[in-house]
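Structure first, commentary second.
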Amino acid sequence: MAMTVNPRGITQTSPSLPRSAQLLLLLPLHLLLLHHLSDGVQAQLSSSALSFTQPSYNVSVYENSAARTYTQSAVRMGVVLDPALTWEVRYSIEAGNSEGIFQAENLVLGDFSFLRVQTNGGSGGTLNREVQDNYTLTVRATAQGGLEAFTTVFVNILDMNDLRPLFAPTSYSFVVPEGCPLGASVGRVTATDADVGSNGEFYYFFRERVKLFSVHPTSGVVTLTGQPITGQRMELEVRAVDRGIKLYGTNGVSSTAK
Numbered sequence: 000m001a002m003t004v005n006p007r008g009i010t011q012t013s014p015s016l017p018r019s020a021q022l023l024l025l026l027p028l029h030l031l032l033l034h035h036l037s038d039g040v041q042a043q044l045s046s047s048a049l050s051f052t053q054p055s056y057n058v059s060v061y062e063n064s065a066a067r068t069y070t071q072s073a074v075r076m077g078v079v080l081d082p083a084l085t086w087e088v089r090y091s092i093e094a095g096n097s098e099g100i101f102q103a104e105n106l107v108l109g110d111f112s113f114l115r116v117q118t119n120g121g122s123g124g125t126l127n128r129e130v131q132d133n134y135t136l137t138v139r140a141t142a143q144g145g146l147e148a149f150t151t152v153f154v155n156i157l158d159m160n161d162l163r164p165l166f167a168p169t170s171y172s173f174v175v176p177e178g179c180p181l182g183a184s185v186g187r188v189t190a191t192d193a194d195v196g197s198n199g200e201f202y203y204f205f206r207e208r209v210k211l212f213s214v215h216p217t218s219g220v221v222t223l224t225g226q227p228i229t230g231q232r233m234e235l236e237v238r239a240v241d242r243g244i245k246l247y248g249t250n251g252v253s254s255t256a257k
């Protein structure tokens, strides 16, 4: 029996074989061709897989931000669109947003689908850095054909000067020994502010001018500046006030200690 392959890649046999046998010899070649075609389609889908530009991103937003305030990122977040495909990418927050504070949306500019994360309106909670200063969000991207991709967004909550310094305790008792030299420390008052950085800085001062004592504006140390009368009892009121501009209203005395 003689077999040859013509220029089109078809196996031919001598006329002495039945036609059914000739058709059976053609099947392996057709199956091989279909196999290579399947590999090519899979390669095209793989090269067009949906993916974020980074596995994670860092963003920031101020506490107490109004609804629909966008977080800020130093890099662009999202998915590069394949010009050969008509993708419509949608984003959703899958984890880390149990209180519904954030929401994700897309913005398409050219060949890029931007991921934008903003504070939610309505029933969403309020950002309070003193309660929680960061969030870790798992964001999912989906497109036609069942394509999906995931990324992590780390949200850093920035501080605003929304709190006032508080004394703890609010009452102090100091004894000045007889013959105590001028300039000596007789005690110290202490206040704290939960804000951070310059927002957490404040000044101490006496409510009324006092000749016998002074209070250091930043340390709270009370020193002797005059000679009190032996057995004399004095009640002084110390106040603490923010150094910076308050988030709400004008600067005001936060708390007092005696």
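Oh and the sequence shown: position 168 is 167 in numbering that gives the first Met the number 0, straight run, nothing missing. Glycine residues also receive a C-beta, built at the ideal position from the N, C-alpha and C atoms. Quantities reported herein were computed from a predicted structural model and do not represent experimental measurements.
- In this structure, the alpha-carbon of T85 lies about 50 Å from that of A193.
- Inter-residue distance for G120 and M159 is about 20 Å (C-alpha atoms, whole angstroms).
- Cα atoms of P164 and A239: separation of roughly 7 Å, rounded to the nearest angstrom.
- Under the Cβ criterion (8 Å, minimum of three pairs), the segment 125-136 counts as touching the segment 87-99.
- Around the C-beta of L80, 16 or more other C-beta atoms lie within 10 Å, and the residue is accordingly described as buried.
- Checking the DSSP bridge columns, you'll see E104 partnered with R115.
- In the structure shown, the three-state DSSP call for Q131 is coil.
- Sequence-distant Cβ neighbours of S184 in its own chain, meaning closer than 6 Å and more than five residues away, are V220, T222.
- With at least 16 other beta carbons inside 10 angstroms of its own, T118 counts as buried.
- In this structure, K210 is the residue among K210, G243, Q53 with its C-alpha nearest to the C-alpha of P227.
- The Cβ atoms of F51 and T150 sit closer than 7 Å to each other.
- Listed as beta-bridge partners of E147 by DSSP are T141.
- In the three-state DSSP reduction, G196 falls in the helix class (H, G or I).
- Apart from sequence neighbours up to five positions away, the residues of its chain that approach E104 with a beta-carbon distance below 6 Å are R115, ordered along the chain.
- Check the Cα spacing between N63 and each of P168, N127, A73, G178: the tightest is with N127.
- Taking each of H215, F166, R89, A73 in turn and checking the Cα distance to Q143, the smallest one comes out for R89.
- Under the three-state reduction of DSSP output, D241 falls in the strand class.
- For D241, the number of other beta carbons within 10 angstroms of its own is at least 16, and it is reported as buried.
- The straight-line gap separating the alpha-carbon atoms of G77 and S170 is approximately 56 Å.
- Residue burial is scored here from C-beta neighbours: A190 has at least 16 other C-beta atoms within 10 angstroms and is therefore classed as buried.
- Closest in alpha carbon position to V60, among A83, D132, T141, L157, is L157.
- The alpha-carbon separation between E129 and L162 amounts to approximately 9 Å.
- Uninterrupted alpha helix (DSSP H) stretches at least 4 residues long and entirely within the segment 147-231 do not occur.
- Taking a C-beta distance under 7 Å as the contact criterion, R208 and E236 do not qualify as a contact pair.
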